[in-house]
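Everything on this sheet refers to the single structure shown next.
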Amino acid sequence: MLFLGCDSGATKAAFIVSDGDGRVLAARAFRGVSLVTDGLDGYRKSMREYTQTILRDAGAQAEEITHAAFGLTGYGESRTATDDMRETFEGVLPGVPCELVNDSVTGWCGALRGQTGICIASGTGSVAYGEDADGRGMRAGGWSIRFADEGSAYWIASEAIRAFFHQADGREKKTLLYDRFMNLFGVQDPLHACEEVETLTDGGNYARVAGLQREVLRLYNEGDPCARAIYERAAGQLYGLAAAIRRSLRFAPGEPVRITYTGGVFRAGECILRPLRERVEAAGDVLTAPAFSPISGAVGYAARHHLSGDALEKLMREADRAGNPA
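Right, dumping it as structure tokens:
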């Protein structure tokens, strides 16, 4: 048996092929690709090339794949995009059983080993996904990077820009953030920052805006109270996603629900994890570190109908090691 997994987003597209004994035959990360930025033809061309390359690396033919799973950013969020993605992979792996899901699902599968609980994902955008013991799944968040996706890197950066404006005109007390953003925008007059902000956000380059989150983290570590408040609010927003799922699914009464996390925002560490943990524990649940990565979740999702128990655990563990080398 051979299983192919893919975790694809705007930043990168990770692919892996594992066999039924859990051995990784090939693992590789490619440039990120999306229907929005690359167009349908570009998306299909890239995904075809990526799939052919990983199969070649694994020394396998498409017809030898037992099952494939693709965790795709944007899948299910637009009727036309969903249809386009389905047609793309039907052409890439004809006759191969393929499961296409939103990348929040493969993120959950990796973080919780495909077991009951909720996974919060926060990177450029934010979304959460959970499943109960009956296999019912639910998603919360992920509506729009520009207008929602609270608690994400984009949202944190937007909150910091908004705070800069408020500090500039006196609605809030100036903190380290004010001078830092004046320098960042390269202006002497705060009004001139307006043009810099519009330039930063022009063209839908969400990752460029989200990158400002790293500056907010630096300010947090320097003790800036505004930055600290932003991370507190971000944690509250992210917990709200998990709380919505918890209320809607049927978890065992009286038992704590496992809530975990994935995505770049959580690499900031305790500035986001501490306030999130406080909210989770106050509700009687438990915040647990993610077990495996999204690429491990993708290949595990592909294999879950064929392997179980220790065999599935081994496959996901080895995939995690190969997809995330030390």
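So the mapping is simple: the working numbering equals the position in the sequence shown, first residue as 1, plus 10.
We put the beta carbon where it would ideally sit given N, CA and C, even for glycine.
Checklist entry - What's the call for Arg-66, buried or exposed, on a 16-neighbour Cβ count within 10 Å? => result Here residue 66 is taken as the residue at index 56 of the sequence shown, counted from 1. Counting Cβ neighbours within 10 Å, Arg-66 comes out exposed, since fewer than 16 surround it.
Next on the checklist: Contact defined as beta carbons within less than 8 Å: I believe Ser-114 pairs with Ala-131. What is the distance between those atoms, to the nearest angstrom?
Outcome noted: For the purposes of this step, residue 114 is taken as residue 104 along the sequence shown, with counting starting at 1. For the purposes of this step, residue 131 is taken as residue 121 along the sequence shown, with counting starting at 1. The beta-carbon distance between Ser-114 and Ala-131, rounded to whole angstroms, is 6 Å. This is short enough to meet the 8 Å contact definition.
Checklist entry - Which residues in the same chain as Gly-30 place their Cβ atom closer than 6 Å to its Cβ, once the five residues preceding and following it in sequence are excluded? => result Mapped onto the sequence shown, residue 30 falls at position 20. If you ignore the 5 residues before and after Gly-30, its C-beta comes within less than 6 Å of the C-beta of Met-11, all in its own chain and listed in chain order.
Next on the checklist: Would Ala-312 and Ala-79 qualify as a contact pair, given that the criterion is a beta-carbon distance under 7 Å?
Outcome noted: To locate residue 312, count along the sequence shown from 1; it is residue 302. To locate residue 79, count along the sequence shown from 1; it is residue 69. Yes. Within cutoff.
Next on the checklist: Excluding the 5 residues flanking Ala-68 on each side, which residues of the same chain have their C-beta closer than 7 Å to its C-beta?
Outcome noted: The residue labelled residue 68 in the question sits at position 58 within the sequence shown. Excluding residues up to 5 positions away in sequence, Val-27, Leu-35, Ala-36 lie with their Cβ nearer than 7 Å to the Cβ of Ala-68 in the same chain.
Item to check | C-beta contact flag for Arg-289 and Tyr-241 at 7 Å | outcome: Counting from one through the sequence shown, the residue named residue 289 turns up at place 279. Counting from one through the sequence shown, the residue named residue 241 turns up at place 231. The answer is no: Cβ separation not under 7 Å.
Item to check | Reduced DSSP category for Leu-34 - H, G, I as helix; E, B as strand; rest coil | outcome: What you label residue 34 is simply residue 24 of the sequence shown in a count that begins at 1. Inspection of the sequence shows that residue 34 is occupied by Val rather than by Leu. Residue state, collapsed to three classes: strand.
Item to check | Residue span of the beta strand (DSSP E) that contains Phe-80, given as start and end | outcome: Along the sequence shown, one-based indexing puts residue 80 at 70. In the DSSP assignment, Phe-80 falls within the beta strand (DSSP E) that extends over 77 to 82.
Checklist entry - Among residues of its own chain, excluding the 5 on either side of Arg-33, which ones have a beta-carbon nearer than 8 Å to its beta-carbon? => result Counting from one through the sequence shown, the residue named residue 33 turns up at place 23. So the list reads Glu-328, once near-sequence residues are dropped.
Next on the checklist: In this structure, how does DSSP classify Leu-122 when only helix, strand and coil are distinguished?
Outcome noted: As a working mapping, residue 122 is identified with position 112 in the sequence shown. Here Leu-122 sits in coil by DSSP.
Next on the checklist: Using a 10 Å radius around the Cβ and a threshold of 16 neighbouring Cβ atoms, would you call Glu-160 buried or exposed?
Outcome noted: Position 150 of the sequence shown, counted from the start, is the residue given in the question as residue 160. Counting Cβ neighbours within 10 Å, Glu-160 comes out buried, since at least 16 surround it.
Checklist entry - How would you label Thr-209, buried or exposed, when you count the other beta carbons within 10 angstroms and need 16 or more for buried? => result Your numbering for residue 209 matches position 199 in the sequence shown. Thr-209 is exposed by the Cβ-count criterion.
Checklist entry - For Tyr-271, does the three-state DSSP call read helix, strand or coil? => result Counted from its first residue, the sequence shown places residue 271 at position 261. Collapsing the DSSP output to three states places Tyr-271 in a strand.
Next on the checklist: I need the straight-line Cα distance from Ala-167 to Thr-211, nearest angstrom please.
Outcome noted: Sequence index remark: in the sequence shown, residue 167 carries index 157 (1-based). Sequence index remark: in the sequence shown, residue 211 carries index 201 (1-based). Cα-Cα distance, rounded: 11 Å.
Item to check | Assigned exposure category for Leu-201 - 16 Cβ within 10 Å defines buried | outcome: Against the sequence shown, residue 201 aligns to sequence position 191. Exposed, since its Cβ has fewer than 16 Cβ neighbours within 10 Å.
Item to check | Distance, Ile-128 Cα to Leu-322 Cα | outcome: Here residue 322 refers to the residue found at position 312 when the sequence shown is read from its first residue. Here residue 128 refers to the residue found at position 118 when the sequence shown is read from its first residue. So the alpha carbons of these two residues sit roughly 20 Å apart.
Item to check | Span separating the alpha-carbon of Arg-190 from that of Arg-172 | outcome: Taking the sequence shown and counting its residues from 1, one reaches residue 190 at position 180. Taking the sequence shown and counting its residues from 1, one reaches residue 172 at position 162. One C-alpha to the other measures close to 14 Å.
Checklist entry - When we look at the beta-carbon of Ser-162 and count the other beta-carbons within 10 Å, is it buried (16 or more) or exposed? => result For the purposes of this step, residue 162 is identified with residue 152 of the sequence shown, where counting begins at 1. Sixteen is the threshold: when 16 or more other Cβ atoms of the shown chains lie within 10 Å of the Cβ of Ser-162, as they do, the residue is buried.
Checklist entry - In three-state DSSP terms, what is Glu-73? => result By one-based count along the sequence shown, residue 73 stands at place 63. Judged by DSSP in its simplified three-state form, Glu-73 adopts helix.
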